[in-house]
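Colleague: Just so you know, the protein sequences line up as chains A and B, in that order. Just so we're aligned, residue 4 is where the first sequence starts under this note's numbering, counting upward by one. Just so we're aligned, residue 4 is where the second sequence starts under this note's numbering, counting upward by one. C-beta: ideal position from N, C-alpha, C; glycine also. One structure follows; several queries about it will come next.
2 protein chains.
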Amino acid sequence: MVPEARPPRMGEYPDGTVLTSTRGDAAIDRATHAARRLIDALLRADRDGTDLSGVAERLESVVDDLDAQAPAVQDRLVDMWSGEGITRHDPVTGPENAIAPPLTLSGRADGSVDGEVTMTIPYQGPPTCVHGGVSALLLDHTLGVANSWAGRDGMTAQLTLQYHRPTPLFRALTVSARQERTEGRKIWTVGEIRDDEGQLCVSAEGLFIDKKVPRPR
Amino acid sequence: MVPEARPPRMGEYPDGTVLTSTRGDAAIDRATHAARRLIDALLRADRDGTDLSGVAERLESVVDDLDAQAPAVQDRLVDMWSGEGITRHDPVTGPENAIAPPLTLSGRADGSVDGEVTMTIPYQGPPTCVHGGVSALLLDHTLGVANSWAGRDGMTAQLTLQYHRPTPLFRALTVSARQERTEGRKIWTVGEIRDDEGQLCVSAEGLFIDKKVPRPR
Chain A
4 MVPEARPPRM
14 GEYPDGTVLT
24 STRGDAAIDR
34 ATHAARRLID
44 ALLRADRDGT
54 DLSGVAERLE
64 SVVDDLDAQA
74 PAVQDRLVDM
84 WSGEGITRHD
94 PVTGPENAIA
104 PPLTLSGRAD
114 GSVDGEVTMT
124 IPYQGPPTCV
134 HGGVSALLLD
144 HTLGVANSWA
154 GRDGMTAQLT
164 LQYHRPTPLF
174 RALTVSARQE
184 RTEGRKIWTV
194 GEIRDDEGQL
204 CVSAEGLFID
214 KKVPRPR
Chain B
4 MVPEARPPRM
14 GEYPDGTVLT
24 STRGDAAIDR
34 ATHAARRLID
44 ALLRADRDGT
54 DLSGVAERLE
64 SVVDDLDAQA
74 PAVQDRLVDM
84 WSGEGITRHD
94 PVTGPENAIA
104 PPLTLSGRAD
114 GSVDGEVTMT
124 IPYQGPPTCV
134 HGGVSALLLD
144 HTLGVANSWA
154 GRDGMTAQLT
164 LQYHRPTPLF
174 RALTVSARQE
184 RTEGRKIWTV
194 GEIRDDEGQL
204 CVSAEGLFID
214 KKVPRPR
């Protein structure tokens, strides 16, 4: 699917504009959603009573069928990065990436972006808590989307995370970010994760540099 | 599977001791490995010529079968955290977690830990590069394992990442870490990711606090 011509920017688009790709009825979206459920189901599965060998075989068979018709990786990368705008494959928001929880982010009129997400066992670090590195992943990505919404984005140069309290699994978390200022090619952006009672779990400060990695062609 | 009684520590175990769970022949390991291949295959798949609706149905059927016999989440969490030592379910090294690349880490006699890993399309941020947040995830976890190897670990309180150059996909990366010092309950640990030419891609500094989240019972 070709992304939109340019990602939405604050001022040009209304409060509440969805800034990430959302899951649609396309077969790839449905298959990826099933794979996402599978990751979770394997971690929750009965280790003894279930025919896990049979499951392994059924999954290998699906992968073999997919691989038999897959294009060369380089061609797929070119296709993945064609067009401009919102990608569908990233590991945080991508409806075509089973690793993504996925997080959906909306742009606000005040320049911030935010979204709600409930994390489950695949994202666990300490018992019943989100892995600190997964919180870093959510925040790095959300800071990047805030930059895009502000109209100026780039590559992460430095990211500092403060962990204020454990971030719970199984509860709706709010992830938010906002670009603070720019100076030449430097961009400073902040963000945070709060639990469903509004308590601050993790905060982040990022320095980004306005440059891009070339796209595959 | 019940983890070992206590994670290995430097001084008590030899140089090269593997500190993470490795994939075995157990059916759950094989099924999870197939799911890991599936995540990648879905991102590489031909979007048009493949019967992705059929794939979605086959995957839904597997998930339904797993869910039909799955224990209650709370019981599964208790089981997952029983015993002491190396877990098998975390999102970085866990052979039972399809999100994990997985990374295997070894302890060194000098107190450091390291491992090699090649990242693929599911972990992509910028074109053909590892997502900055994924690098943060790898490093946060590796710093934690370095703390365990040093005999003193805890929860991440602060993590600072410096991104020196883009981290490439499809090339063997070396992830390493070492505990620097402790003071009371505070633990300082550093780590880095280098590419297959030894170039520094990402470095990390973490402050950890020696405390634990209670285990589910």
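1. Pairing CB atoms from the stretch 105-119 of chain A with CB atoms from the stretch 95-112 of chain B, are three or more of them under 8 Å?
2. Helix, strand or coil: how does DSSP classify ASP43 (chain B) here?
3. What residue range does the beta strand (DSSP E) around SER179 (chain A) cover?
4. Quick one: which chain A residues come within Cβ less than 7 Å of ASN100 (chain B)?
5. Can a CB atom of chain A be found closer than 7 Å to the CB of ASP156 (chain B)?
6. Within 10 Å of its beta-carbon, does GLY187 (chain A) have 16 or more other beta-carbons around it, so buried, or fewer, so exposed?
7. Between the C-alpha atoms of GLU195 (chain A) and GLY114 (chain A), what's the straight-line distance to the nearest angstrom?
8. So, do the stretch 25-41 of chain B and the stretch 129-138 of chain B have three or more beta carbon pairs nearer to each other than 8 Å?
9. Under 7 Å between C-beta atoms, does PRO74 (chain A) make it to chain B?
10. Considering only C-alpha positions, which residue in the set B:ILE190, B:THR185, B:HIS36 and B:VAL205 is nearest to THR25 (chain B)?
11. Looking at C-alpha atoms only, which residue of A:PRO104, A:VAL148 and A:LEU164 is the closest neighbour of MET158 (chain A)?
12. CB-CB under 6 Å to GLN23 (chain B), same chain, minus the five flanking residues each way: which ones, in chain order?
13. Going by the CB atoms, is the gap between ALA44 (chain B) and VAL21 (chain A) shorter than 7 Å?
14. Give me the chain A residues within the contact set of GLN202 (chain B), using Cβ-Cβ distance strictly less than 7 Å, ordered along the chain.
15. Taking the C-alpha atoms as reference points, what is the distance between VAL5 (chain A) and ARG47 (chain B)?
16. Check the Cβ of ASP143 (chain A) against every Cβ in chain B and list those closer than 7 Å, keeping chain order.
17. Pick helix, strand or coil for GLY128 (chain A), following the three-state DSSP scheme.
18. Using a C-beta to C-beta distance shorter than 9 Å, which residues of chain A count as neighbours of LEU176 (chain B)?
19. Counting only runs that start and end within the stretch 19-86 of chain A, where is the alpha helix (DSSP H) found for 4 or more residues in a row?
20. In chain order, what residues of the stretch 28-60 of chain B put their CB closer than 7 Å to some CB of chain A?
21. Would HIS221 (chain B) and LEU203 (chain B) qualify as a contact pair, given that the criterion is a beta-carbon distance under 7 Å?
22. Which of the three DSSP states, helix, strand or coil, is assigned to GLN165 (chain A)?
23. Between the stretch 9-30 of chain A and chain B, which residues of the former have CB atoms less than 9 Å from a CB of the latter, in chain order?
24. Spell out the partners DSSP gives ALA207 (chain B) in its beta bridges.
25. Going by beta carbon distance, what residues of the same chain come within less than 8 Å of LEU55 (chain A), once the five residues before and after it are set aside?
26. GLY19 (chain B): buried (16+ other C-beta within 10 angstroms of its C-beta) or exposed?
27. What does LYS214 (chain B) pair with, by DSSP beta-bridge criteria?
28. ASP143 (chain A) lies in the alpha helix (DSSP H); which residues open and close that run?
29. Tell me which same chain residues have a C-beta within less than 7 Å of the C-beta of ILE42 (chain B), skipping the five on either side of it?
30. With ALA207 (chain A) and LEU142 (chain A) assumed to form a contact (beta carbons below 8 Å), what rounded beta-carbon distance in angstroms separates them?
31. Assuming the contact rule is C-beta atoms closer than 8 Å, LEU172 (chain A) and SER138 (chain A) should be a hit. Round their C-beta distance to whole Å, please.
32. Out of curiosity, what's the CA-to-CA distance linking LEU210 (chain A) and LYS189 (chain B)?
33. Going by DSSP in three states, PRO219 (chain A) sits in which element: helix, strand or coil?
34. Under 7 Å, do ASP62 (chain A) and ALA38 (chain B) count as touching if we go by C-beta distance?
35. With DSSP as the reference, please indicate the residues paired to VAL95 (chain B) in a beta bridge.
36. Hey, PRO10 (chain A) and ILE89 (chain A): beta-carbon distance below 7 Å or not?
Modeller: Inspection of the coordinates gives the following:
1. Contact between the stretch 105-119 of chain A and the stretch 95-112 of chain B is not established, with fewer than three Cβ pairs separated by less than 8 Å.
2. The count along the second sequence starts at 1 and reaches residue 43 (chain B) at position 40. It is helical.
3. As a working mapping, residue 179 (chain A) is identified with position 176 in the first sequence. According to the DSSP assignment, SER179 (chain A) belongs to the beta strand (DSSP E) that extends over 175-186.
4. Along the second sequence, read from residue 1 onward, the residue named residue 100 (chain B) stands at position 97. Neighbours of ASN100 (chain B) on chain A, chain order: LEU46 and PRO125.
5. Position 153 of the second sequence, counting from 1, holds the residue named residue 156 (chain B). For ASP156 (chain B), the answer is no, since every Cβ of chain A falls outside 7 Å of its Cβ.
6. For the purposes of this step, residue 187 (chain A) is identified with residue 184 of the first sequence, where counting begins at 1. Its Cβ having fewer than 16 others within 10 Å, GLY187 (chain A) is exposed.
7. Walking along the first sequence from the start, residue 195 (chain A) turns up at place 192. Walking along the first sequence from the start, residue 114 (chain A) turns up at place 111. Rounded to the nearest whole angstrom, the C-alpha separation of GLU195 (chain A) and GLY114 (chain A) is 15 Å.
8. Judged by Cβ distances under 8 Å, the stretch 25-41 of chain B makes no contact with the stretch 129-138 of chain B, as fewer than three pairs qualify.
9. Counting from one through the first sequence, the residue named residue 74 (chain A) turns up at place 71. Chain B has a Cβ within less than 7 Å of the Cβ of PRO74 (chain A).
10. Taking the second sequence and counting its residues from 1, one reaches residue 25 (chain B) at position 22. Checked all of B:ILE190, B:THR185, B:HIS36 and B:VAL205; the closest Cα to THR25 (chain B) is B:HIS36.
11. Counting from one through the first sequence, the residue named residue 158 (chain A) turns up at place 155. Checking every option, the nearest Cα to that of MET158 (chain A) belongs to A:VAL148.
12. To locate residue 23 (chain B), count along the second sequence from 1; it is residue 20. Before going on, a small fix: residue 23 (chain B) reads as Thr here, not Gln. The residues are THR96, THR107 and LEU108.
13. In the first sequence, counting from the first residue as 1, residue 21 (chain A) sits at position 18. In the second sequence, counting from the first residue as 1, residue 44 (chain B) sits at position 41. For VAL21 (chain A) and ALA44 (chain B), no; Cβs fall outside 7 Å.
14. Sequence index remark: in the second sequence, residue 202 (chain B) carries index 199 (1-based). Ordered by position in chain A, no residue passes the 7 Å Cβ test against GLN202 (chain B), which lies about 15 Å from the chain.
15. The residue given as residue 5 (chain A) occupies position 2 in the first sequence. The residue given as residue 47 (chain B) occupies position 44 in the second sequence. Note that VAL5 (chain A) has pLDDT 43, beneath the 50 cutoff, so the model's placement of it is unreliable and no number is given.
16. As a position in the first sequence, residue 143 (chain A) is number 140, starting the count at 1. Within chain B, the residues near ASP143 (chain A) are GLY135, GLY136 and ALA139.
17. For this step, residue 128 (chain A) is matched to residue 125 along the first sequence. In this structure, GLY128 (chain A) counts as coil in the three-state DSSP scheme.
18. Here the question's residue 176 (chain B) lines up with position 173 in the second sequence. Those within 9 Å of LEU176 (chain B) in chain A number zero; the least Cβ separation is about 15 Å.
19. The qualifying runs are 30-47, 55-72 and 76-83.
20. Correct list: ALA30, ILE31, ARG33, ALA34, THR35, ALA37, ALA38, ARG40, LEU41, ILE42, ALA44, LEU45, LEU46, ARG47, ALA48, ASP49, ARG50, GLY52, THR53, LEU55, SER56, VAL58 and ALA59.
21. Because residue 221 (chain B) is not part of the residues shown, which for chain B are 4 to 220, the question remains open.
22. Indexing the first sequence from 1 puts residue 165 (chain A) at position 162. In this structure, GLN165 (chain A) counts as strand in the three-state DSSP scheme.
23. Answer in chain order: ALA29 and ALA30.
24. To locate residue 207 (chain B), count along the second sequence from 1; it is residue 204. Beta bridge pairing from DSSP links ALA207 (chain B) with B:LEU164 and B:GLY194.
25. By one-based count along the first sequence, residue 55 (chain A) stands at place 52. The beta carbon of LEU55 (chain A) is closer than 8 Å to those of ALA48 in its chain, skipping five residues each way along the sequence.
26. On the second sequence, residue 19 (chain B) is found 16 positions in, with the first residue counted as 1. Exposed, by the Cβ-count rule.
27. Indexing the second sequence from 1 puts residue 214 (chain B) at position 211. Answer by DSSP bridge pairing: none, since LYS214 (chain B) is not bridged.
28. Position 140 of the first sequence, counted from the first residue, corresponds to residue 143 (chain A). Element bounds for ASP143 (chain A): 135-153.
29. Along the second sequence, one-based indexing puts residue 42 (chain B) at 39. These residues qualify, in order along the chain: ALA101 and PRO125.
30. As a first step, residue 207 (chain A) must be located in the first sequence, where it is residue number 204. As a first step, residue 142 (chain A) must be located in the first sequence, where it is residue number 139. Contact flag correct, Cβ pair sits at about 4 Å.
31. The sequence position of residue 172 (chain A) within the first sequence is 169, counting from 1. The sequence position of residue 138 (chain A) within the first sequence is 135, counting from 1. Actually they do not touch by this definition, with Cβ atoms about 12 Å apart.
32. In the first sequence, counting from the first residue as 1, residue 210 (chain A) sits at position 207. In the second sequence, counting from the first residue as 1, residue 189 (chain B) sits at position 186. Each residue's Cα considered, the two are about 26 Å apart.
33. Residue numbering aside, residue 219 (chain A) sits at position 216 when the first sequence is read from its first letter. Looking at PRO219 (chain A) - three-state DSSP - the assignment turns out to be coil, as it is neither helix nor strand.
34. Residue mapping note: residue 62 (chain A) aligns to position 59 of the first sequence, counting from 1. Residue mapping note: residue 38 (chain B) aligns to position 35 of the second sequence, counting from 1. For the record, residue 62 (chain A) in the displayed sequence is Leu; it is not Asp. In terms of Cβ geometry, LEU62 (chain A) and ALA38 (chain B) form a close pair [threshold 7 Å].
35. In the second sequence, the residue the question calls residue 95 (chain B) occupies position 92. Within the DSSP secondary-structure output, VAL95 (chain B) pairs in no beta bridge.
36. Residue numbering aside, residue 10 (chain A) sits at position 7 when the first sequence is read from its first letter. Residue numbering aside, residue 89 (chain A) sits at position 86 when the first sequence is read from its first letter. Yes, the Cβ-Cβ distance between PRO10 (chain A) and ILE89 (chain A) is below 7 Å.
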